[in-house]
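Protein chains in written order, with my numbering: chain F, 6 to 121; chain D, 184 to 290.
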Amino acid sequence: EPEVTQTPSHQVTQMGQEVILRCVPISNHLYFYWYRQILGQKVEFLVSFYNNEISEKSEIFDDQFSVERPDGSNFTLKIRSTKLEDSAMYFCASSVQGGTYNSPLHFGNGTRLTVT
Amino acid sequence: KNEVEQSPQNLTAQEGEFITINCSYSVGISALHWLQQHPGGGIVSLFMLSSGKKKHGRLIATINIQEKHSSLHITASHPRDSAVYICAVLSLSQFYFGTGTSLTVIP
């Protein structure tokens with residue numbers, strides 16, 4: 006069964022550095038999402054992406070964050086100048102449809118980001 | 184403010200017991216998702232529903248739109264059902280997540 010893949014599984018970086026988290030969504034999916042989960046807390050929505058542009062973003066997704074679909078397969082989350090509080094598990098998800106259309110989400114296994 | 188509230192937060196059951204996890208939400212939604220998060224952190228989508236009831240194996244999910252409430256039931260629970268179960272709602276193109284219910288099923 007096709008799945009969403011995320012790399013790396015664990016990323017350690019120093020405060021102030023830039024990181025890029027990578028995701029390969031399922032090939033026929035059109036909507037892409039990033040979520041994060043700080044250890045011990047609930048999952049939080051960051052951003053949704055459709056047709057090569059951001060369709061929705063949360064208050065968390067400030068100028069420090071950006072997303073890109075550089076080619077036909079990868080979907081990346083860039084965090085500029087990382088802070089300690091960015092340490093979390095970051096999940097990528099994709100769906101065939103999104104927004105007001107009901108479509109199951111398919112999650113990747115997550116990238117655990119540790120900022121030291 | 185929490186748009187999605189789940190109860191209970193933690194649940195321990197004996198193998199074979201019938202389990203119910205509840206989810207209440209305060210926003211207008213177009214869909215509600217039940218997710219399962221494994222101890223390793225991976226998330227799997229169990230159900231997506233906007234009305235009525237869905238069944239998959241030993242899992243049943245119901246939703247009452249008027250009452251803004253959904254339940255996830257597990258029949259004949261098994262230790263492999265031990266995980267965190269998360270309710271998430273889609274509202275105006277944004278997802279809001281509950282804090283999860285941690286289920287432990289004891290053999």
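Backbone N, C-alpha and C define an ideal beta-carbon position, used for all residues, glycine too.
| query | result |
| --- | --- |
| Beta-carbon proximity list for Pro290 of chain D, same chain, < 8 Å, skipping 5 on both sides | Glu198 and Pro262 |
| Phe201 of chain D, buried or exposed, once every other Cβ within 10 Å from all chains shown has been counted against 16 | exposed |
| Buried or exposed (CB count within 10 angstroms, at least 16 for buried), His216 of chain D | buried |
| Proximity test, Cβ basis, 8 Å: Thr105 of chain F and chain D | Residue placement at Thr105 of chain F is flagged as unreliable, the pLDDT there being 48, under the threshold of 50; the coordinate-derived value follows with that caveat. Yes, contact with chain D. |
| Alpha carbon of Asn247 of chain D to alpha carbon of Ser207 of chain D, nearest angstrom | 10 Å |
| Proximity to Gln189 of chain D [Cα-Cα], best of D:Gln220, D:Gly240 and D:Gly281 | D:Gly281 |
| Check whether Tyr36 of chain F and Ser53 of chain F have beta carbons under 8 Å apart | yes |
| 3 or more residues per run - each beta strand (DSSP E) lying fully within the stretch 52-92 of chain F | 58-62, 70-73 and 80-84 |
| Assigned exposure category for Pro222 of chain D - 16 Cβ within 10 Å defines buried | exposed |
| Chain F contacts from the stretch 234-250 of chain D (Cβ-Cβ distance under 9 Å) | none |
| Nearest residue (CA-CA) to Val9 of chain F, options F:Arg41, F:Gln22, F:Ser71 and F:Asn79 | F:Asn79 |
| Interface partners of Gly283 of chain D on chain F, CB under 9 Å | Lys47 and Val48 |
| Minimum C-alpha distance to Val267 of chain D - residue among F:Gly21, F:Gln46 and F:Tyr38 | F:Gln46 |
| 8 Å Cβ cutoff, Gln277 of chain D in contact with chain F | yes |
| Against chain F: residues of the stretch 199-229 of chain D by CB proximity under 9 Å | Ser213, Ala214, His216, Leu218, Gln220, Gly223, Gly224, Gly225, Ile226, Val227 and Ser228 |
| Proximity test, Cβ basis, 8 Å: Ile289 of chain D and chain F | no |
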